[in-house]
Amino acid sequence: MLIVLSFAVLVLAIGVLVLFAMMGELSARVPQGGGPERSTVIVPLETERIGHSPGHWPPGLSHLKQGDGCLLVLSSSCTSCQDVAMQVTRNPGHLEWQEMAVLVSAFDAKTGKEFVSTHGLGPVPHYVDERGSWVTGEFSIRQSPVALTFSGGQLMAAYSFHDVAALRAAISETRQDAARQPERTGS
141 MLIVLSFAVL
151 VLAIGVLVLF
161 AMMGELSARV
171 PQGGGPERST
181 VIVPLETERI
191 GHSPGHWPPG
201 LSHLKQGDGC
211 LLVLSSSCTS
221 CQDVAMQVTR
231 NPGHLEWQEM
241 AVLVSAFDAK
251 TGKEFVSTHG
261 LGPVPHYVDE
271 RGSWVTGEFS
281 IRQSPVALTF
291 SGGQLMAAYS
301 FHDVAALRAA
311 ISETRQDAAR
321 QPERTGS
(Lines of atoms letter the chains of each structure in order from A and count residues from 1; the text may use other names and numbers.)
(Lines give C-alpha, C1' and ligand atoms only; values in the text may rest on other atoms or scores of the structure.)
Protein backbone atom coordinates (compact mmCIF):
# COMPACT_ATOMS: atom_id res chain seq x y z
CA MET A 1 0.00 0.00 0.00
CA LEU A 2 2.84 2.37 0.87
CA ILE A 3 4.47 1.71 -2.52
CA VAL A 4 1.25 2.50 -4.39
CA LEU A 5 0.76 5.70 -2.38
CA SER A 6 4.39 6.75 -2.99
CA PHE A 7 4.02 6.08 -6.70
CA ALA A 8 0.81 8.15 -6.83
CA VAL A 9 2.50 11.09 -5.06
CA LEU A 10 5.43 10.86 -7.49
CA VAL A 11 3.09 10.89 -10.51
CA LEU A 12 1.18 13.87 -9.08
CA ALA A 13 4.43 15.76 -8.41
CA ILE A 14 5.61 15.17 -11.98
CA GLY A 15 2.19 16.25 -13.27
CA VAL A 16 2.36 19.51 -11.32
CA LEU A 17 5.87 20.23 -12.65
CA VAL A 18 4.73 19.61 -16.23
CA LEU A 19 1.67 21.81 -15.69
CA PHE A 20 3.79 24.70 -14.38
CA ALA A 21 6.20 24.32 -17.30
CA MET A 22 3.29 24.47 -19.75
CA MET A 23 1.85 27.53 -18.00
CA GLY A 24 5.23 29.25 -18.19
CA GLU A 25 5.50 28.53 -21.90
CA LEU A 26 1.97 29.80 -22.52
CA SER A 27 2.63 32.91 -20.46
CA ALA A 28 5.70 33.66 -22.55
CA ARG A 29 3.65 33.48 -25.76
CA VAL A 30 0.62 35.52 -24.69
CA PRO A 31 1.11 39.27 -24.33
CA GLN A 32 0.23 40.69 -20.95
CA GLY A 33 -2.45 43.36 -21.00
CA GLY A 34 -2.60 45.07 -24.35
CA GLY A 35 -1.87 48.57 -23.23
CA PRO A 36 1.48 50.29 -22.99
CA GLU A 37 3.23 47.05 -22.01
CA ARG A 38 2.74 45.56 -25.49
CA SER A 39 6.01 44.25 -26.92
CA THR A 40 7.45 46.46 -29.64
CA VAL A 41 10.03 43.84 -30.60
CA ILE A 42 9.88 42.81 -34.25
CA VAL A 43 11.43 39.39 -34.84
CA PRO A 44 12.48 38.41 -38.36
CA LEU A 45 11.37 34.86 -39.13
CA GLU A 46 13.57 32.41 -40.96
CA THR A 47 11.60 30.90 -43.79
CA GLU A 48 12.70 28.95 -46.82
CA ARG A 49 10.05 30.70 -48.88
CA ILE A 50 11.74 34.14 -49.08
CA GLY A 51 11.72 35.09 -52.76
CA HIS A 52 8.63 32.97 -53.47
CA SER A 53 5.81 34.37 -55.62
CA PRO A 54 2.44 32.64 -55.14
CA GLY A 55 0.93 30.77 -58.05
CA HIS A 56 -2.40 32.45 -57.35
CA TRP A 57 -3.57 35.28 -55.14
CA PRO A 58 -6.85 34.99 -53.23
CA PRO A 59 -9.57 37.60 -53.67
CA GLY A 60 -8.79 40.71 -51.64
CA LEU A 61 -5.02 40.19 -51.79
CA SER A 62 -4.31 40.45 -55.53
CA HIS A 63 -3.07 44.05 -55.14
CA LEU A 64 0.01 42.61 -53.39
CA LYS A 65 1.22 41.37 -56.82
CA GLN A 66 2.31 44.89 -57.76
CA GLY A 67 4.56 47.25 -55.84
CA ASP A 68 5.35 46.94 -52.15
CA GLY A 69 2.85 45.42 -49.73
CA CYS A 70 2.46 44.03 -46.23
CA LEU A 71 0.15 41.15 -45.32
CA LEU A 72 -0.79 40.82 -41.66
CA VAL A 73 -1.50 37.16 -40.90
CA LEU A 74 -3.93 36.90 -37.99
CA SER A 75 -5.79 33.97 -36.47
CA SER A 76 -9.36 34.11 -35.23
CA SER A 77 -8.36 32.11 -32.14
CA CYS A 78 -5.31 34.18 -31.15
CA THR A 79 -5.49 36.76 -28.33
CA SER A 80 -2.51 38.69 -29.69
CA CYS A 81 -4.19 38.78 -33.10
CA GLN A 82 -7.31 40.33 -31.59
CA ASP A 83 -5.10 43.05 -30.08
CA VAL A 84 -3.40 43.62 -33.46
CA ALA A 85 -6.80 43.88 -35.19
CA MET A 86 -7.90 46.50 -32.65
CA GLN A 87 -4.66 48.44 -33.21
CA VAL A 88 -5.35 48.49 -36.96
CA THR A 89 -8.92 49.75 -36.66
CA ARG A 90 -8.44 52.18 -33.75
CA ASN A 91 -5.55 54.05 -35.36
CA PRO A 92 -6.63 56.02 -38.44
CA GLY A 93 -3.01 56.02 -39.67
CA HIS A 94 -3.03 52.23 -39.84
CA LEU A 95 -6.33 52.20 -41.73
CA GLU A 96 -4.78 54.57 -44.26
CA TRP A 97 -1.74 52.30 -44.74
CA GLN A 98 -2.23 51.69 -48.46
CA GLU A 99 0.22 48.78 -48.63
CA MET A 100 -1.51 46.72 -45.91
CA ALA A 101 -3.84 43.76 -46.25
CA VAL A 102 -5.06 41.25 -43.65
CA LEU A 103 -5.34 37.49 -43.88
CA VAL A 104 -7.50 35.89 -41.19
CA SER A 105 -6.77 32.22 -40.64
CA ALA A 106 -9.89 30.59 -39.21
CA PHE A 107 -11.39 27.15 -38.76
CA ASP A 108 -14.16 28.04 -41.21
CA ALA A 109 -15.37 30.97 -43.31
CA LYS A 110 -18.10 31.92 -40.82
CA THR A 111 -15.63 32.26 -37.93
CA GLY A 112 -13.25 34.29 -40.11
CA LYS A 113 -16.02 36.64 -41.26
CA GLU A 114 -17.12 37.12 -37.64
CA PHE A 115 -13.53 38.06 -36.70
CA VAL A 116 -13.39 40.61 -39.54
CA SER A 117 -16.78 42.05 -38.55
CA THR A 118 -16.14 42.09 -34.78
CA HIS A 119 -12.84 43.92 -35.19
CA GLY A 120 -13.98 46.33 -37.93
CA LEU A 121 -11.54 45.05 -40.54
CA GLY A 122 -14.08 45.32 -43.37
CA PRO A 123 -12.53 48.49 -44.92
CA VAL A 124 -9.08 46.83 -45.02
CA PRO A 125 -8.31 44.53 -47.97
CA HIS A 126 -8.68 41.10 -46.40
CA TYR A 127 -9.08 37.41 -47.05
CA VAL A 128 -10.42 34.65 -44.80
CA ASP A 129 -8.10 31.67 -45.16
CA GLU A 130 -9.94 28.56 -43.96
CA ARG A 131 -7.58 26.53 -41.76
CA GLY A 132 -4.70 28.69 -43.00
CA SER A 133 -4.40 26.54 -46.11
CA TRP A 134 -3.25 29.29 -48.52
CA VAL A 135 -0.69 30.97 -46.23
CA THR A 136 0.66 27.62 -45.06
CA GLY A 137 0.80 26.14 -48.56
CA GLU A 138 2.40 29.16 -50.19
CA PHE A 139 4.71 30.39 -47.40
CA SER A 140 4.88 27.66 -44.73
CA ILE A 141 3.55 30.12 -42.13
CA ARG A 142 1.92 28.32 -39.20
CA GLN A 143 1.92 31.01 -36.51
CA SER A 144 0.36 34.40 -35.87
CA PRO A 145 0.51 37.31 -35.72
CA VAL A 146 2.98 37.48 -38.57
CA ALA A 147 3.65 40.17 -41.16
CA LEU A 148 4.75 39.17 -44.66
CA THR A 149 6.31 41.89 -46.82
CA PHE A 150 6.17 41.74 -50.60
CA SER A 151 7.74 43.56 -53.49
CA GLY A 152 6.25 42.91 -56.91
CA GLY A 153 4.38 39.87 -55.56
CA GLN A 154 7.55 38.27 -54.21
CA LEU A 155 7.94 37.48 -50.48
CA MET A 156 10.77 39.67 -49.18
CA ALA A 157 10.57 39.08 -45.40
CA ALA A 158 8.46 37.63 -42.60
CA TYR A 159 8.20 39.05 -39.09
CA SER A 160 6.63 38.07 -35.79
CA PHE A 161 5.18 41.16 -34.09
CA HIS A 162 2.66 42.46 -31.56
CA ASP A 163 2.70 46.22 -32.21
CA VAL A 164 1.54 47.56 -35.58
CA ALA A 165 3.25 50.96 -35.17
CA ALA A 166 6.59 49.30 -34.40
CA LEU A 167 6.08 46.96 -37.37
CA ARG A 168 5.42 49.86 -39.75
CA ALA A 169 8.51 51.68 -38.50
CA ALA A 170 10.68 48.57 -38.94
CA ILE A 171 9.36 47.90 -42.47
CA SER A 172 9.85 51.54 -43.44
CA GLU A 173 13.41 51.49 -42.13
CA THR A 174 14.18 48.23 -43.95
CA ARG A 175 12.82 49.61 -47.24
CA GLN A 176 14.78 52.86 -46.84
CA ASP A 177 17.95 50.84 -46.22
CA ALA A 178 17.24 48.73 -49.30
CA ALA A 179 16.67 51.86 -51.40
CA ARG A 180 20.05 53.25 -50.26
CA GLN A 181 21.84 49.95 -50.93
CA PRO A 182 22.68 50.70 -54.62
CA GLU A 183 24.19 54.05 -53.53
CA ARG A 184 26.60 52.26 -51.18
CA THR A 185 27.80 49.77 -53.79
CA GLY A 186 28.35 52.50 -56.35
CA SER A 187 30.70 54.51 -54.08
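Heads up, the sequence shown is in this note's numbering, so the first residue is 141 and it goes up one at a time. For each residue, glycine too, the CB sits at the ideal point set by N, CA and C.
inquiry  = Do F279 and R189 have their beta-carbon atoms positioned less than 7 angstroms apart in this structure?
reply    = yes
key: Cβ neighbour criterion (16 or more within 10 Å) applied to V304   = buried
ask   = Can T229 and H259 be called in contact, C-beta distance under 7 angstroms?
value = yes
ask   = Can we say the segment 191 to 198 touches the segment 306 to 324, given the rule of at least three CB pairs closer than 8 angstroms?
value = no
key: Beta-carbon proximity check, V268 vs A287, cutoff 7 angstroms   = no
ask   = Can you give, in chain order, each stretch of the alpha helix (DSSP H) that sits fully within the segment 205 to 288 and has at least 4 residues?
value = 219 to 230, 232 to 235, 249 to 258 and 273 to 279
ask   = Which whole-angstrom value describes the C-beta separation of S291 and D208, a residue pair presumed to lie in contact below a C-beta threshold of 8 angstroms?
value = 5 angstroms
message = Closest to L295 by C-alpha separation, out of T219, L212 and Q316, would be which residue?
response = L212
task = Just the C-alpha distance for H203 and G155, rounded to the nearest angstrom, thanks.
result = 51 angstroms
query = Which whole-angstrom value describes the C-beta separation of S284 and C221, a residue pair presumed to lie in contact below a C-beta threshold of 8 angstroms?
reply = 5 angstroms
request  = Specify, as a first and last residue, the run of the beta strand (DSSP E) that M141 falls within.
outcome  = Neither: M141 is in no beta strand (DSSP E) and is coded neither H nor E.
key: C-alpha gap between H234 and Q227, whole angstroms   = 8 angstroms
inquiry  = Less than 6 angstroms between C-beta atoms, sequence neighbours within five positions excluded: which residues of the same chain meet that for H302?
reply    = P171, R178, S179 and S220
request  = Alpha carbon to alpha carbon, how far is P199 from V264? Give it in angstroms, no decimals.
outcome  = 13 angstroms
key: Own chain residues within Cβ distance below 7 angstroms of D311, not counting five before or after   = Sequence inspection shows Ile at residue 311; the Asp mentioned does not correspond to that position. Counting only Cβ-Cβ distances below 7 angstroms, and skipping sequence neighbours, we find C210 and T289.
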